[in-house]
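Once you know that position 16 of the sequence shown is -3 in our numbering, the rest is easy, because the numbers rise by one and skip nothing. In this text, a Cβ means the ideal position worked out from N, Cα and C, and glycines have one as well. One structure is given below, encoded as structure tokens.
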Amino acid sequence: MKGEKALSIHFFDLHGFMFSDDDIEHQRVCFRTHPGLHHEALKVAITCLTKCVPENLTWDASCGEGSFCLLTTSVSSGIYALPYQEETD
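This is the structure:
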């Protein structure tokens, strides 16, 4: 029987920082989600959640952990639903 499984992403370990050559605040966000997601789909999902394109997105599909940077501190820690679901058998 086929169905759909809702996917979520957990943002944790948020750090604000500024590069020494500018006054723009950045935020480094570590996250955890379902292993095996496609990198581009994950990038689109994070963009939908944060309303910003993530910079320097790193993602280990085998364990479901990664991190990214944003130009502003616009992300709060917590668990969020991703804008797509996974099909199950």
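Item, Value
"Close Cβ partners of Ser43 (< 7 Å) along its chain, the five nearest in sequence each way excluded", "Pro16"
"Spatial distance of Lys24 from His(-4) (CA atoms)", "19 Å"
"Delimiting residues of the beta strand (DSSP E) encompassing Thr14", "6 to 14"
"Assumed close pair Glu6, Thr39 - CB separation to whole angstroms, cut-off 8 Å", "Not quite, the Cβ-Cβ distance comes to about 20 Å (not below 8 Å), so this is no contact."
"Buried or exposed (CB count within 10 angstroms, at least 16 for buried), Ala(-13)", "exposed"
"Terminal residues of the beta strand (DSSP E) in which Thr39 lies", "36 to 41"
"Alpha-carbon to alpha-carbon, Val10 and Leu63", "16 Å"
"Range covered by the beta strand (DSSP E) that runs through Cys50", "46 to 51"
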